[in-house]
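*Asks:*
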Amino acid sequence: MAKRILHAAVLLLLVESAAFAKKPMGFRMHTINADSTYSACAAIDVNRDGKLDIVCGGFWYEAPAWKKHFIREVQQIRGRFDDYSHLPMDVNSDGWMDYVSANYRSQSIYWVENPGEAGGKWAKHVVDEPGPMETAILADIDDDGQLDLLPNGTKFAAWWEIVGEGDGDDKKHEWVRHDLPIEIAGHGAGFGDVNGDGRGDLVSPHGWLEAPEDRRTGRWVMHHEFSLDRDCSVPMLVVDVDRDGDNDVVWGRGHNVGLYWLEQGETDVGRAWTRHAIDTSWSQAHAIRWADMDGDGQGELVAGKRYMAHDGKDPGAYDPLVAYWYDFETRTRTWHRKTISPGGPAGFGLDPKVADIDRDGDMDVVASGRSGLYWFENLIINRGGLNPTSIAATSPKYNDHQHVMAYKDTDGKEHAVETPFNLGLRRSHILVGMQEAMGGLPDTFRRVPLDVEIIDETETDKYIRQRLSFASEPDDRVPAYLLRPKGLQGKAPAMLCLHQTTKIGKGEPAGLGGRPTLHYAHELAERGFVCLVPDYPSFGDYPYDFKGKGKHHASGTMKAIWNNVRGIDLLVSLPQVHSDRIGCIGHSLGGHNSLYTAAFDQRLRAVVTSCGFDPFHHYMGGKLAGWTSDRYMPRIRDLYNNDPDKMPFDFYEVLAAICPRAIFINAPLHDSNFKVAGVREAVAEVGKAYELRQTRDNLVTRYPDSGHDFPENIRQEAYEWLEKVLR
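Just so we're aligned: 848 in my numbering is position 691 of the sequence shown, and the numbers increase by one with no gaps anywhere.
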């Protein structure tokens, strides 16, 4: 029964989550075994017939028809197959390709022997049981021309080499362990030359290990030059992204949101590292690859979403499964995202492979996970007369935006939301509806380096206030304040603080004028939060021409959302900020923009919205002209005739898109802008989604006896709530 539920849920992911790109895809998906639930695979010529076959868990699939052959019974531990990696290696040097597996639950390293011409069952040979591992990497650690094994140990650090004696059938092999400094242990590992001395070094979330001349007996030196995320991918890639002659580091968040790269540079005092975001629109990039996907001679990043890594506990776990490749452009220093799978049944699992499966001269992708085994045929270079069609479908239209506990399938038929997978699919449709009114969320190629410029700084009793600007996209810089508390011990929580409609913009939340009840950035900084306070376009120090400079955005709202996403990039890049403890707060204009930003960016763990919304039918009796200026959403006027019945989204859905993350709503009883009755109605409906996710306590609403304001007692309660949620 559980397996049937699993695959029924996967089928719901066939709908494209962002249905704007309708160009033919460069990849065509082939199903090898939709019922497979093994998390690793390998592309090897099992029977030496010159064709690449696919090995996956207990079976191998013979090319080209993918005939299924039994390999062995794979042990299950606490519901998971103990076969976390398939690393191709001819371990016993008999000319037949075997594979090596490094495992978390059994804490074992073993290799599985290809029986060769004899055929039949493959034998498992245990190498060691060193401790839990997030899979492993094959690399020539000691530079002897032979591949070695580098497990990603979470509680140990070591590498293994194979030492052989004798020749031919009499040759014997032995696995030899070489210990490494324990500082390298953690979730994430990579191999490559960091310092340009020609030797392969090791990277981890905690820094990098410099390789000695003698890798077996010499002293490896730890350099704590960076501190990354606690769930970095395996592998972390050590590659020269920007082609400037030194290697950089690329990683995905295996149990969280985003792909990132760490740029290596030089300063007067030595090596320096700068963190950049690549794509933060999806989560669970546990295994990434580097390969030439378009035949231009340059490597590209290949990444895809893992299916149910922590059984639904990771952010975005129930969102559609996606896979992409990313091409870095040195001129703009940005990444161009290209689609492999826009939302189908294929998850990348723990050990996907990139190889020329069909031997046509381009690199294909094999993905194996708990949602099946698939391969994606690369049609970018050699289409062979084929006319690939996208598995994406236009997102279904919803006339009823109030009832978030209903979703539509690819045929437009409505169903009740009964599972988190249903809700994840509904979320993807909601984001499409929001973009119909706001314009599309900018793609990765607009994510230029932040290039933060500090203009001046002021010291207060409890924090340093820096006036700065950062680049949000080509030819545009966002003015902001950064409030950095003094005396921080370790990484701190952070808040994106958005102002109301006021001439001084960011100055009000920063405590530099305006209403004292809206100095929330100042007050949060005094409580130990790192706070970024950007100007909304056309306020404060940020003049903005929406019809000229901003015409590509379709709305000031989407421009502001993108600026806020880039602001989160800035917060994540700061060494004193804990990347998993970021929230957003705003009043009025800032109140609804906090919600919009959180809907699109799941890095925000908590949102405080004060006087920020009511559903469109409740707003001014359904008269939506107030939403339609160029700085907000002119499409409401131009495409939807200011008619709430024609709107492609509503605030019921915006709140549902944030579920199950935490929301604190301040909705005063006498708010002249946003009617409390509408807020109550929206909260009642969205509460059903939170109940489904068993997180009803994450949706908090307060109805103070006041007007359009953020009263002292409610603010203090919100701050205490943030301290609890972001602890």
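From the three backbone atoms N, C-alpha and C, an ideal C-beta is built for every residue, glycine too.
(1) Which residues share a DSSP beta bridge with F533?
(2) Straight-line CA distance for S786 to D399?
(3) Taking 6 Å as the limit between beta carbons, can you name the residues of its chain near M804, skipping five residues before and five after?
(4) Less than 7 Å between the beta carbons of G345 and C389, yes or no?
(5) Any contact of the region 749-759 with the region 717-732, i.e. 3+ C-beta pairs under 8 Å?
(6) If distances are taken between C-alpha atoms only, which option among I435, D371 and T858 comes closest to R490?
(7) Check whether the region 689-703 and the region 563-575 touch, using three or more Cβ-Cβ pairs below 8 Å as the test.
(8) Please name the residue, chosen from P791, G769, D726 and P732, that lies closest to R760 on a Cα-to-Cα basis.
(9) For P636, list the residues DSSP reports as bridge partners.
(10) On a Cα-Cα basis, can you pick out the residue from G302, F227 and P308 that is closest to V257?
(11) Can you name the residues that DSSP bridges to P691?
(12) Going by the DSSP bridge assignment, what does Q233 pair with across the sheet?
(13) Locate the alpha helix (DSSP H) running through K462, then write down its first and last residues.
(14) Check whether the region 528-539 touches the region 497-508, taking contact to mean three or more Cβ pairs, one atom from each stretch, closer than 8 Å.
(15) Give the DSSP-derived three-state secondary structure of P666 in the structure shown.
(16) Tell me whether I298 sits in a helix, a strand or coil according to DSSP, three-state version.
(17) Going residue by residue through the region 751-813, where are the continuous beta strand (DSSP E) segments of at least 3 residues, counting only ones entirely within it?
(18) Below 8 Å, how does it come out for the region 624-638 and the region 739-747: are there three or more Cβ pairs, yes or no?
(19) Buried or exposed, going by whether 16 or more other CB atoms sit within 10 Å of the CB of P221?
(20) Evaluate Q441 with the Cβ neighbour count: other Cβ atoms within 10 Å of its Cβ, from every protein chain shown; 16 or more gives buried, anything less gives exposed.
(21) To the nearest angstrom, how far is it from the Cα of K663 to the Cα of S361?
(22) Drop a sphere of 10 angstroms on the beta-carbon of D519, count the other beta-carbons inside from all chains shown, and report buried for 16 or more, exposed for fewer.
(23) If you check the beta carbons only, do I445 and A814 fall under 7 Å apart?
(24) Return helix, strand or coil for Q873, following the three-state DSSP convention.
(25) What is the DSSP secondary structure of D210, reduced to helix, strand or coil?
(26) Can you find the residues in the same chain that come closer than 8 Å, C-beta to C-beta, to G347, ignoring five residues on each side of it along the sequence?
(27) On a CA-only basis, which of G835, T188 and E274 is nearest N204? Give me that one, please.
(28) Which one of Y241, K224, F216 and G236 has the shortest CA to CA distance from E230?
(29) From the DSSP output, in three-state form, read off D285 for me.
(30) Tell me the DSSP bridge mates of V269?
(31) Can you have a look at N535 and say buried or exposed, based on whether 16 or more other CB atoms are within 10 angstroms of its CB?
(32) How should T659 be labelled, buried or exposed, when 16 other C-beta atoms within 10 angstroms of its C-beta is the threshold for buried?
(33) W447 by DSSP, collapsed to three states: which one?
(34) What is the residue span of the beta strand (DSSP E) that T424 lies within?
*Replies:* Taking the coordinates as given:
(1) Against the sequence shown, residue 533 aligns to sequence position 376. In DSSP, F533 forms a bridge with M186 and V522.
(2) Residue mapping note: residue 786 aligns to position 629 of the sequence shown, counting from 1. Residue mapping note: residue 399 aligns to position 242 of the sequence shown, counting from 1. So the alpha carbons of these two residues sit roughly 40 Å apart.
(3) Mapped onto the sequence shown, residue 804 falls at position 647. So the list reads F773 and Y797, once near-sequence residues are dropped.
(4) Taking the first residue of the sequence shown as position 1, residue 345 is located at position 188. Taking the first residue of the sequence shown as position 1, residue 389 is located at position 232. Yes. Within cutoff.
(5) Three or more Cβ pairs drawn from the region 749-759 and the region 717-732 lie within less than 8 Å of each other, which places the two stretches in contact.
(6) On the sequence shown, position 333 is the one that residue 490 refers to. When each option's Cα is compared against that of R490, the closest is I435.
(7) Too few Cβ pairs lie closer than 8 Å, so no.
(8) Here residue 760 refers to the residue found at position 603 of the sequence shown. With distances taken between Cα atoms, R760 lies closest to D726.
(9) Taking the first residue of the sequence shown as position 1, residue 636 is located at position 479. In the DSSP output, where bridge partners are listed per residue, P636 has S626.
(10) Position 100 of the sequence shown, counted from the first residue, corresponds to residue 257. Minimum Cα distance to V257 is reached at P308.
(11) As a first step, residue 691 is located in the sequence shown; it is residue number 534 there, counting from the start. Bridge partners of P691: A637.
(12) Your numbering for residue 233 matches position 76 in the sequence shown. DSSP, once it has assigned bridges, lists F238 as partnering Q233.
(13) Stepping through the sequence shown from its first residue, residue 462 is reached at position 305. K462 -> no alpha helix (DSSP H), and no H or E assigned at all.
(14) Between the region 528-539 and the region 497-508, the count of C-beta pairs closer than 8 Å reaches three or more; the two stretches touch.
(15) For the purposes of this step, residue 666 is identified with residue 509 of the sequence shown, where counting begins at 1. If DSSP states are grouped into helix, strand and coil, P666 belongs with coil.
(16) For this step, residue 298 is matched to residue 141 along the sequence shown. DSSP places I298 in coil when its eight states are reduced to three.
(17) Those beta strand (DSSP E) runs which fall completely within the region 751-813 and span 3+ residues are 761-767.
(18) Flag = no, the region 624-638 and the region 739-747 do not touch.
(19) Sequence index remark: in the sequence shown, residue 221 carries index 64 (1-based). With fewer than 16 other Cβ atoms inside 10 Å of its own Cβ, P221 counts as exposed.
(20) Counted from its first residue, the sequence shown places residue 441 at position 284. Buried, because 16 or more other Cβ atoms sit within 10 Å of the Cβ of Q441.
(21) Locating residue 663 in the sequence shown gives position 506, where the first residue counts as 1. Locating residue 361 in the sequence shown gives position 204, where the first residue counts as 1. When rounded, the separation of the alpha-carbon atoms in K663 and S361 is 37 Å.
(22) On the sequence shown, position 362 is the one that residue 519 refers to. With 16 or more other Cβ atoms within 10 Å, it is buried.
(23) As a working mapping, residue 445 is identified with position 288 in the sequence shown. As a working mapping, residue 814 is identified with position 657 in the sequence shown. In this structure, A814 does not lie closer than 7 Å to I445 by Cβ.
(24) If you number the sequence shown from 1, residue 873 lands on position 716. DSSP, reduced to helix, strand and coil, places Q873 within a helical segment of the structure shown.
(25) Looking up residue 210 in the sequence shown gives position 53. Here D210 carries a strand assignment [DSSP, helix/strand/coil].
(26) Here residue 347 is taken as the residue at index 190 of the sequence shown, counted from 1. Taken in chain order, the residues that qualify are I294, L359, V360, S361, P392, M393, L394, V395, V406 and W408.
(27) Numbered from its first residue, the sequence shown carries residue 204 at position 47. For N204, the closest alpha carbon among the candidates G835, T188 and E274 is that of E274.
(28) Position 73 of the sequence shown, counted from the start, is the residue given in the question as residue 230. Taking each of Y241, K224, F216 and G236 in turn and checking the Cα distance to E230, the smallest one comes out for F216.
(29) For the purposes of this step, residue 285 is taken as residue 128 along the sequence shown, with counting starting at 1. In the structure shown, D285 adopts extended strand secondary structure according to DSSP, grouped into three states.
(30) By 1-based counting over the sequence shown, the position of residue 269 is 112. For V269, DSSP records a beta bridge to Y256 and K281.
(31) Here the question's residue 535 lines up with position 378 in the sequence shown. By the 10 Å Cβ count, N535 comes out buried.
(32) Residue numbering aside, residue 659 sits at position 502 when the sequence shown is read from its first letter. Per the 10 Å Cβ criterion, buried.
(33) Working through the sequence shown from its first residue, we reach residue 447 at position 290. Judged by DSSP in its simplified three-state form, W447 adopts strand.
(34) Taking the first residue of the sequence shown as position 1, residue 424 is located at position 267. Where T424 is concerned, the enclosing beta strand (DSSP E) stretches over V414 to T424.
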